[in-house]
Amino acid sequence: MTLDLTVARQMVGADMLRLRKKRGMIALALAAMLVPLVIVTGYDVVKHASDPAHYGPAGGLNSYGRLLDLLGVFMGPVAAILIGAEAGAGDLAAGVFRDNVLTGRSRTALFLARIPAAAAVTLAVTAVAYVLGVAATFVFAGGLATPSLSLILQSVAWLALANSVVCVIALGVASLTGSRTGTITGLIAWELVLSPLVVQAASLGTLRRGLLDAVLLFLKPGPLTGPPVIPMAVAVAVVVTIAWLLVLPTLGAWRMRTRDA
Amino acid sequence: MCGAPAGLSLDGMPTTHAFQHHGAPALETLGLTKRFGERTAVADVSLVVPRGVAYGFLGHNGAGKTTLIRMLLGLTRASAGSASVLGLPVPEQRAQALARVGAIVEEPSFYPHLTGYENLKIAAAVRGPHTRARIGGVLERVGLDKRARDRVGTYSLGMRQRLGVARCLLSDPELLILDEPMNGLDPGGMLDVRLMIRAMVEDEGRTVFVSSHLLDEVEKTCDVAAIIDGGRVIAQGSIAELVADEAGELVIECDDPERALMVLAGDPAVRDLRAEHGSLRMRLVRPGHAGEINSRLVAAGIVVTRLEPARRSLEDRFLEMTTRLEVAA
Chain A
15 MTLDLTVARQ MVGADMLRLR KKRGMIALAL AAMLVPLVIV TGYDVVKHAS DPAHYGPAGG
75 LNSYGRLLDL LGVFMGPVAA ILIGAEAGAG DLAAGVFRDN VLTGRSRTAL FLARIPAAAA
135 VTLAVTAVAY VLGVAATFVF AGGLATPSLS LILQSVAWLA LANSVVCVIA LGVASLTGSR
195 TGTITGLIAW ELVLSPLVVQ AASLGTLRRG LLDAVLLFLK PGPLTGPPVI PMAVAVAVVV
255 TIAWLLVLPT LGAWRMRTRD A
Chain B
3 MCGAPAGLSL DGMPTTHAFQ HHGAPALETL GLTKRFGERT AVADVSLVVP RGVAYGFLGH
63 NGAGKTTLIR MLLGLTRASA GSASVLGLPV PEQRAQALAR VGAIVEEPSF YPHLTGYENL
123 KIAAAVRGPH TRARIGGVLE RVGLDKRARD RVGTYSLGMR QRLGVARCLL SDPELLILDE
183 PMNGLDPGGM LDVRLMIRAM VEDEGRTVFV SSHLLDEVEK TCDVAAIIDG GRVIAQGSIA
243 ELVADEAGEL VIECDDPERA LMVLAGDPAV RDLRAEHGSL RMRLVRPGHA GEINSRLVAA
303 GIVVTRLEPA RRSLEDRFLE MTTRLEVAA
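Line order of the protein sequences matches chains A and B.
Throughout the first sequence, residue numbering follows this note's numbering, covering 15 to 275 in sequence.
Throughout the second sequence, residue numbering follows this note's numbering, covering 3 to 331 in sequence.
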């Protein structure tokens with residue numbers, strides 16, 4: 015048991031190494047979150063500086079809500095998709111999958127090691143953007159209210175959940191399809207275009223509760239600043255989240271076990 | 003290139019001659035067959051690879067070499083037949099078997115954005131907890147210790163091949179399976195790989211199974227070989243057996259080939275007598291007749307400088323066998 019845990023820890027560490035050393039991907043993931051954050055905050059700062067009577071400070075509680083939308087609903091998931099897709103199909107793209115299989119190590123173990131590694135890298139990247147965003151919220155708050163410690167803690171937990179789930183889904187899809195590019199293109203299109211449209215399609219009624227975005231928006235703490243929230247029971251939100259977490263990664267694991275190396 | 007002196011292990015543990023060559027063969031197949039739809043890639047192959055040898059697996063591109071290796075390593079299922087690796091049936095006990103095997107199938111692949119050391123660190127993590135301590139040793143063993151901190155993306159093909167062998171050695175394997183290890187290498191690189199394989203067999207007691215279409219390299223590197231053509235093994239045995247001239251052809255070099263030709267002409271024990279490139283070639287009816295031939299030439303005052311059975315290269319033998327099959331088809 016101890017030996018298994020040691021091997022598992024080493025495998026997770028190895029996957030983290032290959033992900034965090036992919037500097038282009040890490041830079042892109044960070045840029046996906048930071049560039050919009052800098053643009054939006056900078057725009058608000060300039061507006062406030064040029065006409066304080068009409069435009070409030072760039073920080074404060076309201077901008078904190080927008081920060082959460084950016085990092086947990088829009089660009090954070092994009093970063094999570096980039097990292098998850100690399101974790102799920104990077105070894106196939108490099109041709110290393112076969113060499114890993116040749117060690118005799120179970121393919122399921124190889125798959126499972128990717129999950130904490132990818133989630134950890136995603137959370138690290140999200141944390142960098144979040145810390146900068148929160149700093150901006152306080153620095154540019156002026157006289158506005160700022161988020162409480164309790165809200166910050168809830169937000170951290172929510173962001174960790176939102177981006178980890180998306181990352182694991184991307185990992186599952188990439189393992190299933192074997193294609194990084196396909197996974198990134200498809201999931202970003204879903205995350206940024208299709209899913210927001212479907213969430214707002216009132217004609218779909220309660221069916222929308224099955225959407226991950228609907229669940230994450232429902233669970234989001236803090237002020238309502240983004241897309242409309244679809245009411246649902248917490249139990250439904252938990253079940254839907256677990257379903258998303260299980261189905262696609264399970265399919266990815268199955269494909270990894272059966273894939274011709 | 004072979005940095006670890008004989009008698010020393012890569013991690014301070016005694017490994018030289020550590021592998022006892024008793025019990026089951028390193029590899030054994032019985033009627034192994036692989037079909038892809040209507041096409042049979044490997045047909046009824048039965049092989050026995052003894053332990054402690056360099057075993058060459060020769061064949062044209064597309065002859066079925068890689069498919070057979072993939073079946074042995076459990077990467078693809080056989081359509082029929084059985085196989086065992088180090089005495090363990092595969093794919094049933096594949097994990098246990100592969101823990102003692104190092105293999106490169108087709109070409110070694112690495113994460114190009116990582117250094118050689120980091121790539122081995124990842125491979126070691128998958129292999130097990132004690133493997134990491136061997137990284138430095140195996141890098142030195144294949145002569146890459148000075149470039150270990152460079153990104154693999156900057157490595158030449160030869161360096162990647164050597165890094166692939168280093169990755170194989172991480173688990174201190176009893177058996178190495180190398181698929182076309184000399185592909186794309188320059189003569190210096192080929193020599194490095196050849197010396198490394200010989201050292202692994204002779205100094206460390208490992209078994210090395212080398213598939214290749216480079217006949218000359220197999221002849222120089224291996225002790226035993228099998229020839230595969232069209233998915234079927236058409237010959238196997240020691241290199242000496244494979245290149246031996248079954249027809250008993252004799253080559254003689256002397257100071258006066260024309261007179262020697264006249265002396266031997268009409269000898270009922272000699273057939274197909276001819277002069278070729280300044281020497282005489284003939285087939286003997288009785289294998290032990292070479293001494294009498296020498297005596298007759300010496301008695302006739304001819305100075306014999308060379309008299310030996312004709313030796314064909316493995317390439318000659320390979321081409322002869324595969325051409326014969328093509329004609330038969």
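No residue lacks a Cβ here, since even glycine has one placed at the ideal position from N, Cα and C.
Mind reading off the beta-carbon distance from residue i to residue j? Whole number of angstroms is fine, and I expect it under 8 angstroms.
i                 : j                 : result
Ala22 of chain A  : Ile124 of chain B : Going by Cβ atoms, the distance from Ala22 of chain A to Ile124 of chain B rounds to 14 angstroms, so no, they are not a contact pair.
Leu75 of chain B  : Ile179 of chain B : 7 angstroms
Leu165 of chain A : Pro71 of chain A  : Leu165 of chain A to Pro71 of chain A, Cβ: 18 angstroms. No contact.
Gly233 of chain B : Ala43 of chain B  : 5 angstroms
Val220 of chain B : Leu316 of chain B : 6 angstroms
Val154 of chain B : Asn121 of chain B : 6 angstroms
Val51 of chain B  : Ala28 of chain B  : 5 angstroms
Ala143 of chain A : Leu48 of chain A  : 6 angstroms
Leu252 of chain B : Pro311 of chain B : 6 angstroms
Leu173 of chain A : Thr140 of chain A : 6 angstroms
Leu187 of chain B : Leu159 of chain B : 7 angstroms
Leu282 of chain B : Ala271 of chain B : About 14 angstroms; that fails the 8 angstroms criterion.
Arg112 of chain A : Val128 of chain B : Actually they do not touch by this definition, with Cβ atoms about 12 angstroms apart.
Quick one: list the residues of chain B neighbouring residue i, beta-carbon separation under 8 angstroms, in chain order.
i                 : result
Arg271 of chain A : Going along chain B, no residue has its Cβ under 8 angstroms from Arg271 of chain A, so there is no contact; the nearest lies around 12 angstroms.
Met25 of chain A  : Ala127, Val128
Lys36 of chain A  : His115
Thr55 of chain A  : Near Thr55 of chain A there are no residues of chain B at all, since even the closest Cβ is about 32 angstroms away, more than 8 angstroms.
Using a 10 Å radius around the Cβ and a threshold of 16 neighbouring Cβ atoms, would you call residue i buried or exposed?
i                 : result
Gly73 of chain A  : buried
Val235 of chain B : buried
Leu19 of chain A  : exposed
Phe320 of chain B : buried
Gln214 of chain A : exposed
Thr122 of chain A : exposed
Thr17 of chain B  : Its pLDDT being 45, under 50, Thr17 of chain B is placed unreliably in this model, and the value from its coordinates should be taken loosely. With 16 or more other Cβ atoms within 10 Å, it is buried.
Arg288 of chain B : exposed
Ile40 of chain A  : buried
Leu221 of chain A : exposed
Met270 of chain A : buried
Phe38 of chain B  : exposed
Asp65 of chain A  : exposed
Asn114 of chain A : buried
Arg196 of chain B : buried
Ile71 of chain B  : buried
Met202 of chain B : buried
Pro7 of chain B   : Below a pLDDT of 50, predicted positions are generally treated as unreliable, and Pro7 of chain B, at 35, falls in that range; no measurement from the model is reported.
Val300 of chain B : exposed
Gly268 of chain B : exposed
Leu260 of chain A : exposed
Trp258 of chain A : buried
Thr191 of chain A : buried
For residue i, go through chain A and note every residue whose CB falls closer than 7 angstroms to its CB, in chain order.
i                 : result
Pro27 of chain B  : None at all; the shortest Cβ gap to chain A is about 19 angstroms.
Thr78 of chain B  : Asp274
Arg164 of chain B : In chain order: nothing, as chain A lies at least about 15 angstroms away.
Pro93 of chain B  : By Cβ distance, chain A contributes nothing, its closest Cβ being about 11 angstroms from Pro93 of chain B, past 7 angstroms.
Phe38 of chain B  : In chain order: nothing, as chain A lies at least about 11 angstroms away.
Leu100 of chain B : Leu116, Thr117, Gly118
Leu159 of chain B : Ordered by position in chain A, no residue passes the 7 angstroms Cβ test against Leu159 of chain B, which lies about 14 angstroms from the chain.
In the DSSP output, which residue or residues are listed as bridge partners for residue i?
i                 : result
Glu278 of chain B : B:Ser281
Leu256 of chain B : According to the sequence provided, residue 256 of chain B is Cys. The question's Leu does not apply to it. Cys256 of chain B is bridged to B:Val306.
Val51 of chain B  : B:Leu29
Thr209 of chain B : B:Leu177
Arg37 of chain B  : B:Thr42
Ile230 of chain B : B:Val235
Glu251 of chain B : B:Arg285
At a CB-CB cut-off below 8 angstroms, which residues of chain A make contact with residue i?
i                 : result
Lys148 of chain B : Within 8 angstroms Cβ-Cβ: nothing; Lys148 of chain B doesn't reach chain A, min ~21 angstroms.
Lys123 of chain B : Ala28, Leu31
Ser111 of chain B : Ala108, Gly109, Val110, Arg112, Asp113
Can you pull the chain B neighbours of residue i, defined as C-beta to C-beta under 7 angstroms?
i                 : result
Thr195 of chain A : Neighbours of Thr195 of chain A on chain B: none; closest Cβ ~17 angstroms, over 7 angstroms.
Thr140 of chain A : Going along chain B, no residue has its Cβ under 7 angstroms from Thr140 of chain A, so there is no contact; the nearest lies around 22 angstroms.
Whose Cβ in chain A lies nearer than 9 angstroms to the Cβ of residue i?
i                 : result
Val107 of chain B : Arg112, Asp113, Leu116, Ala275
Quick one: list the residues of chain B neighbouring residue i, beta-carbon separation under 9 angstroms, in chain order.
i                : result
Val21 of chain A : Ala127, Val128, Arg129, Gly130, Pro131
Any 3 or more C-beta pairs closer than 8 angstroms across the segment 54-73 of chain B and the segment 208-217 of chain B:
The segment 54-73 of chain B, when compared against the segment 208-217 of chain B, does touch it at the 8 angstroms Cβ threshold.
Within the chosen definition, does the segment 47-65 of chain A reach the segment 125-132 of chain A through at least 3 CB pairs nearer than 8 angstroms?
Touching, no.
Three or more C-beta pairs closer than 8 angstroms, one from the segment 89-98 of chain A and one from the segment 186-205 of chain A: is that the case here?
These segments touch.
Meets three-Cβ-pair contact criterion under 8 angstroms: the segment 128-137 of chain A and the segment 220-229 of chain A:
Cβ pair count under 8 angstroms is below three, so no.
If contact is defined by three or more beta carbon pairs under 8 angstroms, each pair taking one atom from either stretch, is the segment 160-179 of chain B in contact with the segment 125-144 of chain B?
Cβ pair count under 8 angstroms is three or more, so yes.
Would you check if there are 3 or more beta carbon pairs closer than 8 angstroms linking the segment 255-265 of chain A to the segment 105-123 of chain A?
Touching, no, given that fewer than three Cβ pairs across the two stretches are closer than 8 angstroms.
At least three beta-carbon pairs within less than 8 angstroms, the segment 149-167 of chain A to the segment 205-213 of chain A
Counting C-beta pairs closer than 8 angstroms gives fewer than three between the segment 149-167 of chain A and the segment 205-213 of chain A, which falls short of the contact rule.
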